[in-house]
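For the sequence shown, the numbering used here begins at -12 and goes up steadily by one. Glycine is no exception: its CB is placed at the ideal position from the N, C-alpha and C atoms. Computed from a predicted model, the values in this text were never measured in an experiment. Single-structure report; data block below.
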Amino acid sequence: MNKIAFITGASSGIGKATALKLANDGYDFIICGRRAEKLAELTNSLGEKVKAISLIFDVRDREGVQKSISSLPEEWKNISVLVNNAGNAHGLSSIDTGNLDDWDAMIDGNIKGLLYVSKAIIPYMIKNKKGHIINISSIAGKQTYANGAVYCASKKGVEAISEGMRLDLTQYGIKITNVAPGAVSTEFSEVRFKGDKEKAAKVYEGYEPLLAEDIADFISYALTVPERVTIADVTIYAKAQAAPTTIYKS
Ligand code: 8X3
C-alpha cells in the first residue's frame, strides 16, 4: 500500500486538484466530501495505480465524521497526510446585516469541521509518530476585510489552530503546514454569492487569479521536502493581488 492522504472537500476546487496532483506523487487516498457523484468521478480519474476510498460526510456533522473515520479498514487508518481543505464563505455582508445561518455555516464548517476531522485522525498519527497536517486557511485569516468579519474570523481560527497543532504535535513527529491562499478561481465565490454566477465571475475578472492547481502544486512540494524540513506557514497570492482587497485589474 502507498502512503495514505486524507483530503476533505475533495469534490471540487483545491481538494480535487490536490488529489489529482498527489495521485501522480504515488499516494493512496481517502477523499471526503458531500457530493457522492463528484467523488465517484474523481475516484475514476485518479488512475489505476492509485487506491481510493470515498467517505461521504459533511465536516459539520460531528457524529458522521467520527463514525466514517472509525469505520475505515484498519490498514487505511495509517494516514500519512491530512489535508483540511473543506470550508467555505457564505455571504459577504456588513456585521450589522449578516445572516446568522451564514455565520453558523462558516464557524461550523471552517473551524469546528476542521477540528472534528483532525481529532479523529491525530491519534493514528501520534501512534505512528509521524504525519503531516496541511490546513487550508486564507489570506482572510491574515487580514480582515470589510463585510467579511465572520469568514475572516473563521480563517483566523484556522491560523490559531495551525499554531496550536504545531505546538502540541511537533513532539510526536507530526508536521503542520498552514496555507493561506488569496483569490483562487474555484466555486468559492459562487458559494459565497449563493449561486449568482455573474457576481462570482466578476471576482476573477481583469486579472489572472490563482488556479486550484497552483495550491495543489504547493501542497505537493510541501510534502516532498526532506523529512527534517517543515514549511510552517505560506501565503500564496495571484501576481496581481497585493492584499485581500487590493487586486490590480486591467
Ligand atoms: C479566499 C480568499 O480573498 O475571499 O479565502 O478571502 S478571500
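Can you find a heavy atom of ligand 1 that lies under 7 Å from the Cβ of GLY2?
Not so, every heavy atom of ligand 1 lies at least 7 Å from the Cβ.
To the nearest angstrom, how far is it from the Cα of VAL145 to the Cα of VAL37?
The straight-line gap from Cα to Cα measures roughly 30 Å.
Classify SER105: buried if its beta carbon has 16 or more other beta carbons within 10 angstroms, exposed otherwise.
In this structure SER105 is buried. Its beta-carbon is surrounded by 16 or more other beta-carbon atoms within 10 angstroms.
What span of residues does the beta strand (DSSP E) with PHE180 cover, start to end?
First-last for PHE180: undefined, no H or E at that position.
For THR84, count the other beta carbons within 10 Å of its own beta carbon; 16 or more makes it buried, fewer makes it exposed. Which is it?
exposed
Which full runs of the alpha helix (DSSP H) of 4+ residues lie inside the region 40 to 119, going along the chain?
49 to 57, 87 to 93, 101 to 115
When DSSP labels each residue in this structure, what does SER32 get in the three-state scheme?
In the structure shown, SER32 sits in a helix (DSSP, three-state: H, G or I).
Which first and last residues belong to the alpha helix (DSSP H) in which GLY193 is found?
It is not in any alpha helix (DSSP H) - GLY193 carries neither H nor E in the DSSP assignment.
Measuring only from the beta carbon, is PHE44 closer than 7 Å to any heavy atom that is part of ligand 1?
no
How would you call ILE82, buried or exposed, if buried means at least 16 neighbouring beta carbons within 10 angstroms?
When all chains shown are included, ILE82 counts as exposed.
Among LEU198, ALA209, ARG153, LYS54, the one whose alpha carbon lies nearest that of PHE175
Comparing Cα positions, the closest option is LEU198.
Assuming the contact rule is C-beta atoms closer than 8 Å, LEU7 and ILE18 should be a hit. Round their C-beta distance to whole Å, please.
Not really, about 11 Å apart at Cβ, beyond 8 Å.
Taking the alpha carbon of ASP220 as the point to measure from, which residue in ALA170, GLU214, ILE120 has its own alpha carbon closest?
ILE120
Buried or exposed for TYR208, please, with buried defined as at least 16 other CB atoms from any protein chain shown within 10 angstroms of its CB.
exposed
Would SER55 and ILE98 be called neighbours here (beta carbons separated by less than 8 Å)?
no
What are the start and end residues of the beta strand (DSSP E) that includes THR222?
220 to 223
Own chain residues within Cβ distance below 8 Å of ALA4, not counting five before or after
LEU198, ALA199, GLU200, ILE202, ALA203.
Are there any heavy atoms of ligand 2 lying less than 7 Å away from the beta-carbon of GLY74, as far as the coordinates show?
Absent from the structure shown: ligand 2. Ligands present: ligand 1.
Mapping DSSP to helix, strand and coil, what is THR173?
coil
In the DSSP output, what is THR233 paired with across the bridge?
ALA230
Among the candidates GLY34, GLY96, ASP89, whose CA atom is the shortest distance from the CA of VAL52?
GLY96
My guess is that ILE40 and GLY118 are in contact by the Cβ rule of under 8 Å, so how many angstroms apart are they, rounded?
Actually they are not in contact, since the Cβ atoms of ILE40 and GLY118 sit about 18 Å apart, beyond 8 Å.
Can the beta-carbon of LEU29 be found closer than 8 Å to that of ASN71?
no
Distance CB(ILE1)-CB(ILE108) smaller than 8 Å:
no
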